[in-house]
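Numbering (the UniProt record's numbering), first residue to last: 1 to 281. Every residue gets a Cβ at the ideal spot worked out from N, C-alpha and C, and that includes glycine. The next block holds one structure in the form of structure tokens; read it before the comments.
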Amino acid sequence: MLRVNGIEINATVTGEGPAVLLLHGFPHTWRVWAEVIPHLARRHRVIAPDLRGLGASARPAGGYDAGALADDAEALLDALGEPAATVIGIDAGAPPAFLLAMRRPERVRGLVVMESLLGRLPGAEDFLTGGPPWWFGFHAVPELAETVLAGHEAEYVDWFLDAGTLGRGVPREIRDQFVAAYTGRDALRSAFAHYRAMPVSARQIADAVAATRLTVPTIAIGAHPVGDALARQLRPIADDLVAHVVEDCGHIIPLDRPDALVPLLVAFLDLHHAGASRLVS
Numbered sequence: 001m002l003r004v005n006g007i008e009i010n011a012t013v014t015g016e017g018p019a020v021l022l023l024h025g026f027p028h029t030w031r032v033w034a035e036v037i038p039h040l041a042r043r044h045r046v047i048a049p050d051l052r053g054l055g056a057s058a059r060p061a062g063g064y065d066a067g068a069l070a071d072d073a074e075a076l077l078d079a080l081g082e083p084a085a086t087v088i089g090i091d092a093g094a095p096p097a098f099l100l101a102m103r104r105p106e107r108v109r110g111l112v113v114m115e116s117l118l119g120r121l122p123g124a125e126d127f128l129t130g131g132p133p134w135w136f137g138f139h140a141v142p143e144l145a146e147t148v149l150a151g152h153e154a155e156y157v158d159w160f161l162d163a164g165t166l167g168r169g170v171p172r173e174i175r176d177q178f179v180a181a182y183t184g185r186d187a188l189r190s191a192f193a194h195y196r197a198m199p200v201s202a203r204q205i206a207d208a209v210a211a212t213r214l215t216v217p218t219i220a221i222g223a224h225p226v227g228d229a230l231a232r233q234l235r236p237i238a239d240d241l242v243a244h245v246v247e248d249c250g251h252i253i254p255l256d257r258p259d260a261l262v263p264l265l266v267a268f269l270d271l272h273h274a275g276a277s278r279l280v281s
């Protein structure tokens, strides 16, 4: 447990070498990276925190917007003595990873973002034709979702884990850890606070894009359901972007198709840390 940006953040740190920072989403903890970390840790110092309010990290009243989460990530690097890292974010971890790269590019050697959208940036119109996923609105209403779901957290988390792996599920130990992390009214409240902060996050993303371009080497990785929508948002604003869509893969890429994800990440890390400035798609 580390004191970071005024709160306690739980993080696992393993391996030696250039730093890699992994930011998870909902309904995950750092263990969403369990199948990925051993491969990356062979040549890198891998830092995998629980985002504020999630897992074993503190559950403060506020600070759930992407900008505050980016501040948490930078403060975590400071606490661990890392001047820079390759930053990898999925789902709710992607917007803070993006904002850190936009605001503090000297701290981000490379950026990998997966299965997320970046606020209201153009490019995701096809994905959003029928509106955002149903749970976004459900989670956004103050106190509603935690009231409805109290006592039924396991069934709710299981729905996301099943949908996010195209029905294949995740290892039982990891599933049980996720369920425990999201059980209880306060755990639910802090989880849904991330959704309730999305309007603020969207403004922060728009302001960042209005002020500068994304200059760090970046990979956008999609699967089902986001596909290439994130890459389409990034393409007009990124100087160095490669896009991949992982076939036969659900939303939770690190647990559903680590066999496909790990080679992409290792190649990106190897090429970038060897001094290459661009990837060829």
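Span of the alpha helix (DSSP H), counted from its first residue to its last, around residue i
i    : result
V179 : 172-181
R103 : 94-103
V200 : 198-211
R232 : 229-234
V148 : 144-149
I37  : 37-40
G55  : Premise fails: G55 is in no alpha helix (DSSP H) and is neither H nor E.
A140 : 134-140
Integer-rounded CB distance, given that residue j should sit under 8 Å from residue i
i    : j    : result
I88  : G25  : Contact doesn't hold; Cβ gap of about 12 Å is too wide.
V36  : P254 : 5 Å
A229 : L117 : 6 Å
L76  : A11  : 6 Å
L128 : V209 : Wrong, their Cβ atoms sit about 18 Å apart, outside the cutoff.
A85  : V108 : 7 Å
S57  : E125 : Not a contact, Cβ separation roughly 35 Å.
S190 : A66  : Wrong, their Cβ atoms sit about 16 Å apart, outside the cutoff.
L188 : A220 : Their Cβ separation, rounded to whole angstroms, is 30 Å, which puts L188 and A220 out of contact at 8 Å.
Beta strand (DSSP E) segment containing residue i, residue limits
i    : result
E155 : Where E155 is concerned, there is no enclosing beta strand (DSSP E), although the alpha helix (DSSP H) it sits in stretches over 153-163.
P49  : 45-49
I9   : 7-9
L23  : 19-23
G222 : 218-222
A70  : A70 -> not in any beta strand (DSSP E); alpha helix (DSSP H) instead, spanning 66-79.
L117 : From DSSP, L117 is part of no beta strand (DSSP E); its letter is neither H nor E.
H244 : 241-245
I90  : 85-90
R3   : 2-4
Status (buried if at least 16 other CB within 10 Å, exposed otherwise) for residue i
i           : result
W159        : exposed
S281        : Its pLDDT being 36, under 50, S281 is placed unreliably in this model, and the value from its coordinates should be taken loosely. By the neighbour-count rule (16 or more Cβ atoms within 10 Å), S281 is not buried but exposed.
A223        : buried
W30         : buried
T212        : exposed
R172        : exposed
F136        : exposed
L234        : buried
A145        : buried
G164        : buried
A276        : Summary for A276: the model assigns pLDDT 33, below 50, so the residue's position carries little reliability; its value from the coordinates is reported in the next sentence. Exposed: under 16 other Cβ atoms inside 10 Å.
E16         : exposed
P142        : exposed
residue 282 : Any answer about residue 282 is impossible in this case: the structure gives the chain only from 1 up to 281.
H139        : buried
H272        : buried
V148        : exposed
R232        : buried
G130        : exposed
R278        : Here R278 scores only 37 on pLDDT, less than 50, and its place in the model should not be relied on; the value that follows carries that caveat. Exposed, since its Cβ has fewer than 16 Cβ neighbours within 10 Å.
Sequence-distant residues of the same chain with beta carbon closer than 6 Å to residue i, five excluded per side
i    : result
P105 : T215, V216
A79  : L2, V4
G227 : V245
A94  : V113, S116
A48  : T12, L22, W30, W33
I205 : L118, G119
G123 : R232, Q233
A238 : L214, T218
R45  : G15, E16, G17, A19
Proximal residues to residue i (C-beta, below 8 Å), its chain only, five neighbours per side dropped
i    : result
L166 : H224, D248, C249, G250, D256
L161 : P27, G169, V170, R175, F178, I252
A193 : G53, G62, Y64
L100 : A70, A73, E74, V87, R107, V108
T183 : E153, A154
Residue i: CB within 8 Å of a non-hydrogen atom of the ligand FAD
i    : result
R172 : Ligands are entirely absent from the displayed structure, and the ligand FAD is therefore not among its contents.
Contact set for residue i: own chain, Cβ-Cβ below 7 Å, skip 5 residues either direction
i    : result
D71  : N5
M102 : A208, T212, L214
E82  : A19
Y195 : F136, H139, A140
H39  : V262, V266
A260 : V246, C249
P258 : E35, V36
9 Å Cβ cutoff, residue i in contact with chain B
i   : result
L69 : The structure shown contains no chain B; it is built from a single protein chain.
* Asked: Which residue spans inside the segment 249-273 form an unbroken alpha helix (DSSP H) run of at least 4?
  -> Runs found: 253-256, 258-273.
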